[in-house]
Structures are given as C-alpha cells and as structure tokens.
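Each residue of the sequence shown is one higher than the one before, counting from 264 in the numbering used here.
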Amino acid sequence: MSGRVPPGDYAGTSPHWLREPADVNALVPVLWSSTARKGDDGVLHIGGLAVPDLVADVNTPAYVLDEDDFRARARAFRDGFDGYDVFYAGKAFLSTAVARWVGEEGLCLDVCSNGELSVALRAGVDPARIGYHGNNKTAMELRRAVDAGVGRIIVDSFHEIERVADVAAQLGVTQGVMIRVTAGVEAHTHEFIATAHEDQKFGFSIASGAGLEAARRVLGHDSLALRGLHSHIGSQIFDTSGWEVAGRRVLGLHAEIAEELGHVMPELDLGGGFGIAYTTQDDPADPAVLAAQITKIVTGECAALGIDVPHLSIEPGRAIVGPSMCTVYTVGTVKEVTLDAGAVRTYVSVDGGMSDNIRPALYDADYSCTLASRASDATPVLARVVGKHCESGDIVVKDEFLPGDIAPGDLIAVPATGAYGRSMASNYNHALRPPVVAVKDGQARVIVRRETEDDLLATDLG
Numbered sequence: 264m265s266g267r268v269p270p271g272d273y274a275g276t277s278p279h280w281l282r283e284p285a286d287v288n289a290l291v292p293v294l295w296s297s298t299a300r301k302g303d304d305g306v307l308h309i310g311g312l313a314v315p316d317l318v319a320d321v322n323t324p325a326y327v328l329d330e331d332d333f334r335a336r337a338r339a340f341r342d343g344f345d346g347y348d349v350f351y352a353g354k355a356f357l358s359t360a361v362a363r364w365v366g367e368e369g370l371c372l373d374v375c376s377n378g379e380l381s382v383a384l385r386a387g388v389d390p391a392r393i394g395y396h397g398n399n400k401t402a403m404e405l406r407r408a409v410d411a412g413v414g415r416i417i418v419d420s421f422h423e424i425e426r427v428a429d430v431a432a433q434l435g436v437t438q439g440v441m442i443r444v445t446a447g448v449e450a451h452t453h454e455f456i457a458t459a460h461e462d463q464k465f466g467f468s469i470a471s472g473a474g475l476e477a478a479r480r481v482l483g484h485d486s487l488a489l490r491g492l493h494s495h496i497g498s499q500i501f502d503t504s505g506w507e508v509a510g511r512r513v514l515g516l517h518a519e520i521a522e523e524l525g526h527v528m529p530e531l532d533l534g535g536g537f538g539i540a541y542t543t544q545d546d547p548a549d550p551a552v553l554a555a556q557i558t559k560i561v562t563g564e565c566a567a568l569g570i571d572v573p574h575l576s577i578e579p580g581r582a583i584v585g586p587s588m589c590t591v592y593t594v595g596t597v598k599e600v601t602l603d604a605g606a607v608r609t610y611v612s613v614d615g616g617m618s619d620n621i622r623p624a625l626y627d628a629d630y631s632c633t634l635a636s637r638a639s640d641a642t643p644v645l646a647r648v649v650g651k652h653c654e655s656g657d658i659v660v661k662d663e664f665l666p667g668d669i670a671p672g673d674l675i676a677v678p679a680t681g682a683y684g685r686s687m688a689s690n691y692n693h694a695l696r697p698p699v700v701a702v703k704d705g706q707a708r709v710i711v712r713r714e715t716e717d718d719l720l721a722t723d724l725g
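Structure, rendered in structure tokens:
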C-alpha cells in the first residue's frame with residue numbers, strides 16, 4: 264500500500280508499552296481468566312467451551328464470566344487476608360448468581376443502592392454481612408436497609424448520621440455504623456476514581472476535624488453503634504504505599520476518638536480498590552502479599568500509638584470479578600486510516616461499544632483484545648477497536664495489534680471487563696444491554712439475559 268510504514272514501525276503512533284507480538288494468536292495469561300485457552304486453530308476457549316459455540320446461542324455482544332476463576336479469586340482474597348472481613352464490591356458487577364457465589368466463598372458484600380440490596384437479599388446473603396455505602400442514601404433506602412438487618416451502614420455526612428439515627432429509633436433497633444473519612448492521600452489513579460483527597464464528595468475530612476465531630480455526633484445517639492472508621496484511597500491501585508500515610512492518619516483518629524470521646528471502636532475498614540491487568544503495562548500484586556504489607560503497616564502504627572489492632576476489613580474492588588469476565592464482539596467493518604506519521608491504523612468496528620463498556624470513554628481506560636474465532640498467519644497490524652455508536656469517542660480498545668486479515672464476521676474478545684462493564688452498561692442509542700453467560704466445566708448458563716425490545720419499550724408510555 265502506498266505510503267504505508269513497514270510492519271513493526273509505527274513511528275510513535277502506539278503507546279510506549281505496546282509491543283508488536285511475536286505471535287498475534289497467543290494470549291497474555293495475566294490478562295485473562297484462568298481457564299482461557301487457545302488451541303492450534305486459534306479458537307478461544309473459556310471454562311472448557313469454545314467461544315464461537317458459546318455465543319452462537321446468545322449472539323454478540325456478550326459477557327462471558329468464568330465461574331471457576333471468580334471463585335478462585337474470591338478464595339485468594341479470603342485466604343490471603345485471613346482474619347479480615349473481605350467485602351466484595353457489588354457495584355463492580357452484581358447478579359443473583361454472583362451474590363450467591365460471594366456468600367458461598369465466605370465473603371461479605373458491599374452494596375450502594377436499594378437495587379443492589381434487593382439483589383443481595385434475593386440471593387440469600389446474610390444481611391449482617393452486608394455493608395451499605397453511598398454519599399446520599401434516602402430515608403426510604405435507609406429504612407429498607409435497617410429493617411433488613413444490614414450489618415453496617417457507612418455514614419458519609421452529618422445529615423446522614425441524623426437520618427440513620429431517626430430511622431433506627433423509629434424501628435426500635437440499634438444500627439451499626441462506620442464513619443467514612445478522607446485521609447488526604449491521593450492514589451496514583453484516574454482523578455475520578457481517587458477517593459481520599461480532600462476535594463471530592465465522599466467522607467469526612469480528618470484534617471479539618473470533621474471525622475472527630477462525626478464520631479461525637481454518632482455517639483450522641485442511642486440508636487447508633489459506632490463500629491469503626493472507613494477509609495478508601497482509590498481504585499486500580501497496585502501497591503500499598505498509599506496506606507503508609509492513610510493508615511497513620513486514620514489510626515491516629517481512631518486513637519483520638521478513644522482518648523477524647525472515651526469510645527474504643529472495635530473495627531477498621533481500610534478500603535482497597537486493588538488493581539488488575541487490563542494491558543501488559545499492569546502488574547497486579549498477589550492478595551497474600553498485599554495482606555502481609557497492609558497488616559505490617561497497621562500493626563506498626565497501632566504499636567506506635569499504643570493501641571490494640573482493631574478487627575480489619577478490606578474491599579478488593581474490581582480485583583475479583585474484573586479478570587473473570589471478557590466481552591465477545593462480532594466484527595462488522597474494517598477500514599485503514601493513514602496517520603500523520605505515515606503509519607496506518609486499522610479501525611475495526613464491532614457490534615457493541617460504549618453502551619456495554621463506558622470506561623474507555625469515561626476514564627480513558629486501556630484494554631487489550633484478541634481474535635477469538637480462528638488462527639491467522641497474517642502480519643500483525645496496529646488496530647483500534649471501536650463501537651457502533653454515534654460518538655467519535657466510542658472506543659473499545661484504543662491500541663492493540665490484531666492480524667492483518669481481520670475481517671467482518673470474525674469474533675474479538677476483550678479481557679478484564681468484569682468490573683463496571685455490565686454494571687455501567689446503558690441503553691445509549693437504544694442499544695439492548697448484553698447477556699452475562701457463566702461458564703464452568705464445559706457448561707454454560709445465562710445468569711443475566713439479553714434485554715429485548717419489549718424491555719426497552721416497557722417504560723415508554725407513549
């Protein structure tokens with residue numbers, strides 16, 4: 264092709280961490296769930312099933328959830344953080360089946376809406392093992408939570424303290440609460456998912472004294488039981504350095520509440536938000552290693568303060584479900600675009616997009632992908648996988664090498680879409696949200712069905 268840069272020379276048009284693969288058919292194991300495999304024919308298998316056969320029954324796009332992988336990751340956090348309460352993040356992805364898996368693997372569950380609570384209760388999750396988050400819980404939501412027996416409500420404002428206290432008093436119960444505090448530590452992550460710096464909507468500032476005042480107000484209500492402080496420094500975090508400062512500040516407030524207000528809180532939630540591998544630039548840590556490092560920080564700080572170590576909780580965030588799911592698309596069109604440097608980028612349009620994964624558009628998030636339906640001997644080309652929506656920012660995978668013969672009808676699979684893919688999916692352009700298919704030991708079952716046009720029109724009253 265005239266003006267095309269030789270293969271492998273993309274003149275700075277691809278990110279520095281992206282390398283042309285020696286084998287464009289091969290999987291990078293860290294990006295995929297543990298049962299993902301490719302044979303000589305290049306066909307992707309998950310849970311013992313060939314992906315083309317799997318999606319033939321449900322069409323594409325479709326989310327494929329590896330149950331064995333999900334359960335293994337849940338156990339890894341449960342066992343690695345032995346002695347902690349490990350809270351699965353319902354906001355990452357929640358369904359009745361997944362809520363049951365969470366309970367069966369011995370984890371607790373975080374919810375942050377009445378809908379998520381409804382799913383958890385439907386699944387039979389013990390309410391005492393549910394934590395309720397959110398910066399603006401309504402009186403109706405709080406009444407439902409308190410009446411259901413939710414173990415802890417994480418209070419986020421002075422108004423909410425009064426609201427929870429009133430609801431609990433009306434119901435004649437004592438409600439366990441934790442106070443969410445901001446430690447002034449900004450995690451090395453996207454601005455919109457860093458949650459411990461001062462200028463954001465969550466929590467009570469430790470530095471301003473709001474955290475201490477919140478504890479004073481909670482202790483002033485007989486209908487509330489102050490169980491501890493909650494701190495969350497962000498999401499997609501790969502090391503424990505942020506907890507060095509955050510732990511010192513939060514435990515300092517823990518000790519101050521005991522000294523100033525005479526109340527020794529039995530618990531401490533350190534948040535979490537551990538990172539996963541979306542591309543080869545990501546290097547997630549083993550849960551046991553994270554646990555050892557965080558425990559060392561906490562025990563050291565407690566020793567320095569001369570206080571007992573409280574019972575600890577952790578919230579892995581996306582780290583359980585994120586890597587356990589991939590999204591499968593069908594290629595619709597392929598076009599080549601010559602870039603300023605003379606290189607060519609191949610635009611691969613698929614049958615989904617920002618309606619099933621908003622994160623690239625919202626957070627500028629990077630993803631990887633692979634040809635899932637066959638093998639190819641073609642030279643790799645720099646590709647951008649884009650969706651079908653009427654937005655130029657509708658990008659699924661910004662930069663990846665795909666076979667040069669990628670063509671309409673091929674299947675592409677994008678790994679690590681378990682967190683926030685389906686849970687943040689929308690009906691933009693009146694798209695129908697895809698199904699979630701769980702796979703295990705050569706068996707597949709739809710745990711969330713695809714929306715239909717009847718679903719879409721049911722709320723339109725004409």
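We treat Cβ as the ideally placed atom computed from N, Cα and C, and that holds for glycine. On a predicted model such as this, the values are computed, not experimentally measured, just so you know.
Checklist entry - Taking the alpha-carbon positions, what's the Tyr-683 to Gly-615 distance? => result Against the sequence shown, residue 683 aligns to sequence position 420. Against the sequence shown, residue 615 aligns to sequence position 352. Distance between the alpha carbons of Tyr-683 and Gly-615: 15 angstroms.
Item to check | Which of helix, strand or coil DSSP assigns to Met-403 | outcome: In the sequence shown, counting from the first residue as 1, residue 403 sits at position 140. Correct three-state label for Met-403: helix.
Next on the checklist: Helix, strand or coil, according to DSSP, for Asp-348 in the structure here?
Outcome noted: Looking up residue 348 in the sequence shown gives position 85. Residue state, collapsed to three classes: strand.
Checklist entry - Is Val-365 closer than 8 angstroms to Val-702 when the C-beta atoms are compared? => result Counting from 1 along the sequence shown, the entry for residue 702 is found at position 439. Counting from 1 along the sequence shown, the entry for residue 365 is found at position 102. Taking 8 angstroms as the Cβ cut-off, Val-702 and Val-365 do not qualify as a contacting pair.
Checklist entry - Which ranges does the beta strand (DSSP E) cover as unbroken runs of at least 3 residues, wholly within the region 589-643, from first to last along the chain? => result 607-613
Checklist entry - Considering only C-alpha positions, which residue in the set Ile-496, Leu-290, Asn-620 is nearest to Val-444? => result Within the sequence shown, the letter at position 181 stands for residue 444. If we check each option's Cα against that of Val-444, Ile-496 comes out closest.
Next on the checklist: Let me confirm a value: His-279 is counted as buried when at least 16 other C-beta atoms fall within 10 Å, else exposed. Which label applies?
Outcome noted: Indexing the sequence shown from 1 puts residue 279 at position 16. Exposed, since its Cβ has fewer than 16 Cβ neighbours within 10 Å.
Checklist entry - Expressed to the nearest angstrom, what Euclidean distance is found between the alpha-carbon atoms of Asp-718 and Ala-408? => result Within the sequence shown, residue 718 is the residue found at index 455, counting from 1. Within the sequence shown, residue 408 is the residue found at index 145, counting from 1. Roughly 28 angstroms between the two C-alpha positions.
Checklist entry - In its own chain, which residues sit with a C-beta less than 6 angstroms from the C-beta of Ala-582, not counting the 5 before and 5 after it? => result For the purposes of this step, residue 582 is taken as residue 319 along the sequence shown, with counting starting at 1. Same-chain partners within the cutoff: Phe-537, Ile-539.
Checklist entry - Which two residues bound the contiguous alpha helix (DSSP H) that contains Glu-564? => result Indexing the sequence shown from 1 puts residue 564 at position 301. First-last of the alpha helix (DSSP H) with Glu-564: 550-568.
Next on the checklist: Beta-carbon within less than 7 angstroms of Gly-580's beta-carbon, same chain only, minus the 5 sequence neighbours each way: which residues are those?
Outcome noted: On the sequence shown, residue 580 is found 317 positions in, with the first residue counted as 1. Excluding positions up to five away in sequence, the list reads Ala-352, Ala-355, Ser-498, Gly-535, Gly-536, Phe-537.
Checklist entry - By Cβ distance, which residues of its chain are closer than 8 angstroms to His-308, with the 5 residues on each side in sequence left out? => result In the sequence shown, residue 308 corresponds to position 45, counting from 1. Once the five neighbours on either side are set aside, the close Cβ partners of His-308 are Thr-298, Ala-299, Arg-300, Lys-301, Gly-302, Val-314.
Next on the checklist: If we require 3 or more residues per run, which beta strand (DSSP E) segments fall completely within the region 348-420?
Outcome noted: 348-352, 371-374, 393-395, 415-418
Next on the checklist: Please classify Cys-653 as buried or exposed, where buried requires at least 16 other C-beta atoms within 10 Å of its C-beta.
Outcome noted: For this step, residue 653 is matched to residue 390 along the sequence shown. Exposed, since its Cβ has fewer than 16 Cβ neighbours within 10 Å.
Checklist entry - Given Trp-295, which residues of its chain have a CB within under 6 angstroms of its CB, disregarding the five upstream and five downstream residues? => result Residue 295 sits at position 32 when you count from the first residue of the sequence shown. Within the same chain, Trp-295 has close Cβ partners Pro-678.
Item to check | Nearest residue (CA-CA) to Ser-381, options Leu-405, Glu-367, Asn-399, Leu-370 | outcome: For the purposes of this step, residue 381 is identified with residue 118 of the sequence shown, where counting begins at 1. For Ser-381, the nearest C-alpha among the options comes from Leu-405.
Checklist entry - Roughly how many angstroms lie between the CA atoms of Thr-722 and Glu-283, to the nearest whole one? => result Looking up residue 722 in the sequence shown gives position 459. Looking up residue 283 in the sequence shown gives position 20. Their backbone Cα atoms lie some 47 angstroms apart in a straight line.
Next on the checklist: Going by DSSP in three states, Pro-315 sits in which element: helix, strand or coil?
Outcome noted: Start at 1 with the first residue of the sequence shown, and residue 315 comes out as number 52. Pro-315 falls in the helix class under three-state DSSP.
Item to check | Cβ-based burial, Ala-285 [other Cβ within 10 Å; buried from 16] | outcome: Walking along the sequence shown from the start, residue 285 turns up at place 22. Counting Cβ neighbours within 10 Å, Ala-285 comes out exposed, since fewer than 16 surround it.
Item to check | Which of helix, strand or coil DSSP assigns to Ala-518 | outcome: Your numbering for residue 518 matches position 255 in the sequence shown. Three-state result, Ala-518: helix.
Checklist entry - Could you give the C-beta distance for Gly-343 and Ala-548, rounded to a whole number, given that I count them as a contact under 8 angstroms? => result Residue mapping note: residue 343 aligns to position 80 of the sequence shown, counting from 1. Residue mapping note: residue 548 aligns to position 285 of the sequence shown, counting from 1. Their Cβ separation, rounded to whole angstroms, is 10 angstroms, which puts Gly-343 and Ala-548 out of contact at 8 angstroms.
Next on the checklist: If you follow the alpha helix (DSSP H) that Glu-729 is in, where does it begin and where does it stop?
Outcome noted: Not covered by the structure: residue 729. The range shown for the chain is 264 to 725.
Item to check | Spatially closest choice to Asp-502 from Leu-489, Thr-437, Gln-556, by CA coordinates | outcome: Walking along the sequence shown from the start, residue 502 turns up at place 239. Considering only alpha carbons, the answer is Gln-556.
Next on the checklist: Measuring straight from C-alpha to C-alpha, what distance separates Ala-459 and Leu-674?
Outcome noted: Locating residue 459 in the sequence shown gives position 196, where the first residue counts as 1. Locating residue 674 in the sequence shown gives position 411, where the first residue counts as 1. No answer about Ala-459 holds up, because its pLDDT of 46 lies below 50 and its placement is not dependable.
Checklist entry - So what does DSSP say about Pro-586, is it helix, strand or coil? => result Looking up residue 586 in the sequence shown gives position 323. Helix, per DSSP.
Checklist entry - How would you write the range of the alpha helix (DSSP H) that Arg-334 sits in, first residue to last? => result By 1-based counting over the sequence shown, the position of residue 334 is 71. It spans 330-343 - the alpha helix (DSSP H) in which Arg-334 sits, taken as one unbroken run.
Checklist entry - In the structure shown, what three-state DSSP assignment does Val-774 receive? => result The first residue shown for the chain is 264 and the last is 725, placing residue 774 beyond what the model contains.
Checklist entry - Which whole-angstrom value describes the C-beta separation of Ala-446 and Ile-469, a residue pair presumed to lie in contact below a C-beta threshold of 8 angstroms? => result Here the question's residue 446 lines up with position 183 in the sequence shown. Here the question's residue 469 lines up with position 206 in the sequence shown. Yes, they are in contact, since the Cβ atoms of Ala-446 and Ile-469 sit about 6 angstroms apart, within 8 angstroms.
Checklist entry - So, using beta-carbon positions, are Gln-438 and Ala-488 closer together than 8 angstroms? => result Position 175 of the sequence shown, counting from 1, holds the residue named residue 438. Position 225 of the sequence shown, counting from 1, holds the residue named residue 488. Yes, these two residues count as a Cβ contact at 8 angstroms.
Checklist entry - When the Cα of His-493 is compared with those of Ser-631, Ala-431, Ala-676, Met-528, which residue comes out closest? => result Within the sequence shown, the letter at position 230 stands for residue 493. Considering only alpha carbons, the answer is Met-528.
Next on the checklist: Taking a contact to mean a Cβ-Cβ separation below 8 angstroms, would you say Ile-416 touches Leu-475 in this structure?
Outcome noted: Here residue 416 refers to the residue found at position 153 of the sequence shown. Here residue 475 refers to the residue found at position 212 of the sequence shown. For Ile-416 and Leu-475, no; Cβs fall outside 8 angstroms.
Next on the checklist: Less than 8 angstroms between the beta carbons of Ala-337 and Glu-368, yes or no?
Outcome noted: In the sequence shown, counting from the first residue as 1, residue 337 sits at position 74. In the sequence shown, counting from the first residue as 1, residue 368 sits at position 105. In contact: Ala-337 and Glu-368 (Cβ atoms closer than 8 angstroms).
Item to check | Cα-Cα separation between Gly-397 and Phe-467, rounded to whole angstroms | outcome: Here residue 397 refers to the residue found at position 134 of the sequence shown. Here residue 467 refers to the residue found at position 204 of the sequence shown. Cα-Cα distance, rounded: 13 angstroms.
Checklist entry - Using DSSP with H/G/I as helix, E/B as strand and the rest coil, what is Ile-669? => result Indexing the sequence shown from 1 puts residue 669 at position 406. The answer is coil: DSSP assigns Ile-669 none of H, G, I, E or B.
Item to check | Candidates Asp-485, Asn-399, Val-481: closest to Lys-464 by CA position | outcome: In the sequence shown, the residue the question calls residue 464 occupies position 201. For the residues Asp-485, Asn-399, Val-481, the minimum Cα distance to Lys-464 belongs to Asn-399.
Next on the checklist: Let me confirm a value: Asn-690 is counted as buried when at least 16 other C-beta atoms fall within 10 Å, else exposed. Which label applies?
Outcome noted: The residue you call residue 690 lines up with position 427 of the sequence shown. Its Cβ having fewer than 16 others within 10 Å, Asn-690 is exposed.
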